[in-house]
Amino acid sequence: MEEKKFDVQSLIGFILIGGILIWMLYTNSASEEVVDPQQETEQVEVPGNTDSNQPPQQEQDLQSQGADSTALAQARERLGAFGYSASLPSATENTTTISNDVLELKIDNKGGYISEARLTNYKTFDSIPVYLIKDGNASFNINFTTTDGRTLDTENLYFEPEVTQNGDNHIISMKLKVSENEFLEYRYVLKPGEYMLDFSIRSQGLNDVINSSRDINLNWELKGYRHAKSISYENRYTELIYEYDEGDDDYLGSGDFEEQEDENITYVAFKQHFFTSILLTDNPFERGKFTSENLVQDEEVDTVYTKKFAAQLPLELQGGELNYNMDWYYGPTDYKILNDYDRNLDEVVPLGWGIFGWINKYVFIPFFAFLSGVLPSYGIAIIVMTIVVRIVLSPVTYKSYLSQAKMKVLRPEINELNEKYKDNAMKKQQETMKLYSKAGASPMSGCLPALMQIPVFYALFQFFPSAFQLRQKGFLWADDLSSYDTIAELPFTIPFYGDHVSLFPILASIAIFIYMMMTTGQSMQQTQQPGMPNMKFIMYLSPLMMLFFFNNYASGLSLYYFTSNLITIGIMLVIKYVIIDEDKIHAKIQENKKKPKKQNKFTRKMQEMMEQAEQQKNQQKKK
Numbered sequence: 007m008e009e010k011k012f013d014v015q016s017l018i019g020f021i022l023i024g025g026i027l028i029w030m031l032y033t034n035s036a037s038e039e040v041v042d043p044q045q046e047t048e049q050v051e052v053p054g055n056t057d058s059n060q061p062p063q064q065e066q067d068l069q070s071q072g073a074d075s076t077a078l079a080q081a082r083e084r085l086g087a088f089g090y091s092a093s094l095p096s097a098t099e100n101t102t103t104i105s106n107d108v109l110e111l112k113i114d115n116k117g118g119y120i121s122e123a124r125l126t127n128y129k130t131f132d133s134i135p136v137y138l139i140k141d142g143n144a145s146f147n148i149n150f151t152t153t154d155g156r157t158l159d160t161e162n163l164y165f166e167p168e169v170t171q172n173g174d175n176h177i178i179s180m181k182l183k184v185s186e187n188e189f190l191e192y193r194y195v196l197k198p199g200e201y202m203l204d205f206s207i208r209s210q211g212l213n214d215v216i217n218s219s220r221d222i223n224l225n226w227e228l229k230g231y232r233h234a235k236s237i238s239y240e241n242r243y244t245e246l247i248y249e250y251d252e253g254d255d256d257y258l259g260s261g262d263f264e265e266q267e268d269e270n271i272t273y274v275a276f277k278q279h280f281f282t283s284i285l286l287t288d289n290p291f292e293r294g295k296f297t298s299e300n301l302v303q304d305e306e307v308d309t310v311y312t313k314k315f316a317a318q319l320p321l322e323l324q325g326g327e328l329n330y331n332m333d334w335y336y337g338p339t340d341y342k343i344l345n346d347y348d349r350n351l352d353e354v355v356p357l358g359w360g361i362f363g364w365i366n367k368y369v370f371i372p373f374f375a376f377l378s379g380v381l382p383s384y385g386i387a388i389i390v391m392t393i394v395v396r397i398v399l400s401p402v403t404y405k406s407y408l409s410q411a412k413m414k415v416l417r418p419e420i421n422e423l424n425e426k427y428k429d430n431a432m433k434k435q436q437e438t439m440k441l442y443s444k445a446g447a448s449p450m451s452g453c454l455p456a457l458m459q460i461p462v463f464y465a466l467f468q469f470f471p472s473a474f475q476l477r478q479k480g481f482l483w484a485d486d487l488s489s490y491d492t493i494a495e496l497p498f499t500i501p502f503y504g505d506h507v508s509l510f511p512i513l514a515s516i517a518i519f520i521y522m523m524m525t526t527g528q529s530m531q532q533t534q535q536p537g538m539p540n541m542k543f544i545m546y547l548s549p550l551m552m553l554f555f556f557n558n559y560a561s562g563l564s565l566y567y568f569t570s571n572l573i574t575i576g577i578m579l580v581i582k583y584v585i586i587d588e589d590k591i592h593a594k595i596q597e598n599k600k601k602p603k604k605q606n607k608f609t610r611k612m613q614e615m616m617e618q619a620e621q622q623k624n625q626q627k628k629k
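Following the working numbering, the numbering of the sequence shown begins with 7 at its first residue and continues without gaps.
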């Protein structure tokens, strides 16, 4: 699996989490229903213009403009062999509609491609049906050169539709004809309850029509419609993903304009955060060229589209003919649905790279699915999952706090050493390490447990914004856990904050601040060590960053952080006042100091290196 690149927003979030963890380290050391087939059949619309005596559309246009028969003949001649297709009754601006219980598609005679794709079970944030394709926001075109030198684009040519039904499956054949037995065909098969439809491109009898020495390119473009309350937040997760080299994947879409090329392409996905359009092929494309353009420069003005995607894929002739078996997917970016196809489509869901993605796939996704299936609301499911995560990590919290308690007990002696050897940094370090060794304490014993929590924190940071189940699910004052909650609208926009006030980020920021105050203890009274980050500044900065950064983030994520910090505070209070007795720790340390302590190889080696450095320093002084 190709490692995912960070976009700017994810990097900021990761830095925020990292800042909080640095603070911790420092304080430690310091159902698919089937519709009645009859109902589906009634939704199949055969093109209305079937009068064979009526001239085709382009001829009607020319006739309405007063064109003579010579002009009509020239119009046919421009198409060469495909002039036959232009003379058929189907050469009109008509569409054929097919649907099942989850998807409705309209396929245009002109170009033979889908002109409208609607997800029947979903609405946008403002209660409008979710369209992935509508009003010309997408195009699908095969560009090729004929043997007589013409360059043609199928998007400008008229296909003849033929509708059939095989059981509950709806089949549409769109043929661009040279004659009745010579044609280029797009074939669509829509099955009940499926977002995925079979699609194939094949030609018959065109080996003498298509110039095999020139490139044949499939060009697919789409401008993603806005579906969410915050177009900038939706745009953050809108990207182009493709699979190449039999399983590797990559993406682009985090910048204003990006372009990329790769080889052996097996699928291309135009992802619009929670909804995705995907083209898959059984026969890999030899190469692919992809572009992504950001269409949101000003959130107040650019309110319709998020990004514009384009893919250019070369087609190859086999025996002089085209023959590609493919699939189209128009549906939700739902991990379970995509993963069930067993086509590596789960990579379309941004769960994080490496260990972060594994934790999400094998722990959080199945666990959250179980909780949301048995609990009355998704908000309660988030809270319960947070409680379980914190309980599982409580031994790590205990070890970190125990290390902090030991360091607190040793602090007076460390301060004495600092004062005694304030003019000899090397000697001060040597004596400090000896003290740690005798007492059985180490700053690293607090660092390592805290570091173990980073994969969990970041995995959840990726999980909640990608959880399709949270879309338009409310909890308390939040009407959509996949978007920001709003308790007040502002009459102006604050840079980096927005034009609204979200309560969950405020609560999460307060909880983080209280947690940091608790973990500070006496460490804030210490003199700031040279070269160390100003932890007091971080203590105030981290909650402030949380407040600003998460104001436009999914309220489900803020709910998690709020609950998580509340539970952590509770666990630390129990550890401090019930489990850990600092007097006993002090007595234990004193006992350890009396016992002979065998140094491990690493400590012994470090001490030897410092002693050698001290000797060299003394020798230089004598010179």
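For each residue, glycine too, the CB sits at the ideal point set by N, CA and C.
By alpha-carbon positions, which one of the options ends up nearest to residue i?
i, options, result
"residue 288", "327, 206, 240 and 259", "206"
"residue 630", "212, 137 and 512", "No information on residue 630 is available, as it lies outside the stretch 7 to 629 that the chain covers here."
"residue 381", "582, 347 and 481", "481"
"residue 469", "384, 363, 407 and 409", "363"
"residue 270", "582, 260, 255 and 262", "255"
"residue 360", "465, 117 and 95", "465"
"residue 2", "426, 555 and 546", "With the chain covering only 7 through 629, there is no way to say anything about residue 2."
"residue 215", "198, 312, 502 and 328", "328"
"residue 488", "560, 460, 420 and 431", "560"
"residue 186", "93, 139 and 262", "93"
"residue 576", "397, 475 and 268", "397"
"residue 156", "89, 310 and 138", "89"
"residue 203", "337, 432, 101 and 567", "337"
"residue 147", "154, 386 and 190", "190"
"residue 457", "413, 230, 493 and 406", "406"
"residue 120", "133, 128 and 140", "140"
"residue 133", "235, 357, 492 and 173", "235"
"residue 267", "546, 295 and 459", "295"
Can you name, in chain order, every residue of its own chain whose Cβ lies under 6 Å from the Cβ of residue i, other than the five neighbours on each side?
i, result
"residue 3", "This structure cannot speak to residue 3, because the chain is shown only from 7 to 629."
"residue 5", "Because the chain is modelled from 7 through 629, residue 5 falls outside the range shown and cannot be assessed."
"residue 149", "159 and 223"
"residue 274", "248, 285 and 317"
"residue 263", "299"
Can you give me the Cβ contacts of residue i inside the same chain, cut-off strictly under 8 Å, excluding the 5 residues immediately before and after it?
i, result
"residue 516", "549"
"residue 6", "The displayed coordinates of the chain run from 7 to 629. Any statement about residue 6 would go beyond what the structure contains."
"residue 308", "237, 301 and 302"
"residue 233", "130, 131, 136, 240, 278, 279, 280 and 281"
"residue 126", "105, 107, 108, 109, 110 and 135"
"residue 423", "434, 437, 438 and 441"
"residue 330", "206, 207, 208, 287, 288, 289 and 321"
"residue 352", "341, 344, 345 and 367"
Given residue i, which residues of its chain have a CB within under 7 Å of its CB, disregarding the five upstream and five downstream residues?
i, result
"residue 355", "339, 341, 344 and 472"
"residue 320", "221, 222, 223, 291, 292 and 293"
"residue 144", "227 and 228"
"residue 305", "237 and 238"
"residue 118", "160, 165, 180, 182 and 192"
"residue 524", "575 and 578"
"residue 170", "177"
"residue 384", "378, 475, 476, 479, 481 and 487"
"residue 421", "none"
"residue 313", "230, 241, 244, 259, 298, 299, 300 and 301"
With residue i and residue j assumed to form a contact (beta carbons below 8 Å), what rounded beta-carbon distance in angstroms separates them?
i, j, result
"residue 265", "residue 244", "About 17 Å separates the two Cβ atoms, so there is no contact after all."
"residue 227", "residue 315", "7 Å"
"residue 213", "residue 326", "3 Å"
"residue 166", "residue 91", "7 Å"
"residue 218", "residue 323", "5 Å"
"residue 284", "residue 335", "4 Å"
"residue 87", "residue 152", "6 Å"
"residue 569", "residue 521", "Actually they do not touch by this definition, with Cβ atoms about 13 Å apart."
"residue 500", "residue 552", "Between residue 552 and residue 500 the Cβ distance is about 15 Å, and since that is not below 8 Å, they are no contact."
"residue 103", "residue 116", "At roughly 15 Å, the Cβ-Cβ gap does not stay under 8 Å, so residue 103 and residue 116 are not in contact."
"residue 514", "residue 571", "7 Å"
"residue 395", "residue 462", "7 Å"
Practice problem: Could you tell me which uninterrupted alpha helix (DSSP H) segments, each at least 4 residues in length, are contained entirely in the region 351-397, listed from first to last along the chain? | Solution: 361-365 and 371-380
3 or more residues per run - each beta strand (DSSP E) lying fully within the region 146-222 = 157-159, 166-172, 175-185, 188-196 and 202-210
Which residue spans inside the region 217-299 form an unbroken beta strand (DSSP E) run of at least 3? 222-231, 244-250, 254-258 and 263-278
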